[in-house]
Amino acid sequence: MTSKPIYQRVLLKASGEALMGSQGFGIDVTVADRIAGDIAEARAMGVEVGVVVGGGNIFRGVAVASKGGDRVTGDHMGMLGTVINALALATSLRKLDIDTVVLSAIAMPEICESFSQRVAVHHLSQGRVVIFAGGTGNPFFTTDSAAALRAAEMGAQAIFKGTQVDGIYSADPKKDPTATRFDRISHAEVLEKGLAVMDVTAVALARENSIPIIVFSIHEKGGFGAILQGGGVKTVVSDD
Ligand SMILES: Nc1ncnc2c1ncn2[C@@H]1O[C@H](COP(=O)(O)OP(=O)(O)O)[C@@H](O)[C@H]1O
Ligand SMILES: O=c1ccn([C@@H]2O[C@H](COP(=O)(O)OP(=O)(O)O)[C@@H](O)[C@H]2O)c(=O)[nH]1
């Protein structure tokens with residue numbers, strides 16, 4: 001049974017790392033299919049969904065830089081990784097008959113459409129899921145920042161950061177078992193306390209544009225849908 005959602009248009013940031021499942025690298029199709037199922041549930045509620053996919057399961061630019069390589073080239077490789085993930089997630093969504101468009105920040109017309117704000121908003125308003133690939137299209141950024149940027153451009157009511165943990169804690173819960181989860185916290189507090197679940201640029205951009213961030217576990221089947229209806233396990237970052 002689905003009840004009325006409390007959001008009409010949202011941006012889901014899907015962790016690249018989550019896509020690899022229990023493998024050490026790449027894409028576990030069963031995970032992509034499950035995330036697609038959660039997005040399909042949101043569409044069944046009538047929610048317009050834009051998705052930014054990460055790329056950490058394939059490549060991170062800093063990994064190149066830390067071994068003495070060129071950071072910019074590393075970041076280009078990372079952004080290409082997000083395109084691979086976007087194509088995998090689009091395939092999983094289409095298997096469920098969800099109309100899906102991939103828009104890339106880096107032009108590759110033989111593979112997918114290029115991003116423009118106008119085109120993205122058009123597809124969303126037609127009920128299509130829009131997957132934003134290629135991050136921001138610029139090195140030295142992350143897909144969290146791409147999520148905040150695209151959320152602002154599409155007029156999303158919230159950024160849903162689907163990650164490895166089920167919210168923002170007083171310390172990294174993977175390192176500190178005594179850490180406690182916040183139900184609500186302001187953007188400013190996340191920045192002041194240095195809570196590293198999302199990068200500073202992304203949180204600052206969301207704050208400037210008054211966009212709430214909802215941090216939740218991408219591994220929880222049905223978790224996205226539950227939060228869209230006002231329930232679920234999460235931390236809400238909001239200045240209201
Ligand atoms: N205060 C905190 N609260 C929650 N998670 C935190 C915190 N500090 C660090 N983290 C870590 O941040 C990780 C999520 O960030 P990141 O690795 O960028 O995820 P993603 O792959 O979703 O982009 C979590 O897996 C968690 O271990
Ligand atoms: O706007 C962007 C977004 C991503 N990246 C690169 O793509 C990689 C994968 O993205 P991210 O680390 O954000 O993925 P996630 O942590 O969500 O899996 C990053 O490490 C960067 O190297 C980039 O250069 N610019």
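Each residue of the sequence shown is one higher than the one before, starting from 1 at the first, in full-length UniProt numbering. For glycine and all other residues, C-beta sits at the position ideal for the given N, C-alpha and C.
Comparing the CB of residue i with every heavy atom of ligand 1, is any distance shorter than 7 Å?
i, result
"residue 234", "no"
"residue 32", "no"
"residue 15", "yes"
"residue 136", "no"
"residue 196", "yes"
"residue 168", "yes"
"residue 164", "yes"
"residue 171", "yes"
"residue 56", "yes"
"residue 243", "Lying outside 1 to 240, the shown extent of the chain, residue 243 is not represented and no answer is given."
Going by the CB atoms, is the gap between residue j and residue i shorter than 8 Å?
i, j, result
"residue 228", "residue 35", "no"
"residue 136", "residue 55", "no"
"residue 49", "residue 121", "no"
"residue 147", "residue 196", "no"
"residue 163", "residue 15", "yes"
"residue 86", "residue 53", "yes"
"residue 126", "residue 153", "no"
"residue 156", "residue 170", "no"
"residue 89", "residue 51", "yes"
Just to check, is the beta-carbon of residue i closer than 7 Å to a non-hydrogen atom of ligand 3?
i, result
"residue 183", "This structure lacks ligand 3; the ligands present are ligand 1 and ligand 2."
Quick check: is any heavy atom of ligand 2 less than 7 Å from the C-beta of residue i?
i, result
"residue 5", "no"
"residue 79", "yes"
"residue 75", "yes"
Leaving out the 5 sequence neighbours to the left and right, which residues in its chain are closer than 6 Å to residue i when beta-carbon positions are compared?
i, result
"residue 234", "167, 214, 216, 227"
"residue 238", "212"
"residue 92", "32, 33, 36"
"residue 40", "96, 98"
"residue 133", "82, 83, 86, 102, 104"
"residue 199", "142, 144"
Just grab the DSSP bridge partners of residue i for me.
i, result
"residue 169", "181"
"residue 140", "According to DSSP, which records beta bridges pairwise, residue 140 is partnered with nothing at all."
"residue 133", "104"
"residue 13", "52, 161"
"residue 213", "159, 237"
"residue 114", "104"
Beta-carbon within less than 8 Å of residue i's beta-carbon, same chain only, minus the 5 sequence neighbours each way: which residues are those?
i, result
"residue 158", "7, 10, 11, 151, 211, 212, 213, 214"
"residue 149", "136, 205"
"residue 65", "71, 74"
"residue 221", "34, 37, 38"
Using C-beta distances below 7 Å, list every residue in its chain close to residue i, excluding the 5 sequence neighbours before and after it, in chain order.
i, result
"residue 78", "55, 59, 60, 61"
"residue 84", "58"
Beta strand (DSSP E) runs contained entirely in the segment 43-77, provided each spans 3 or more residues: As far as the segment 43-77 is concerned, its whole beta strand (DSSP E) runs of at least 3 residues are 48-53.
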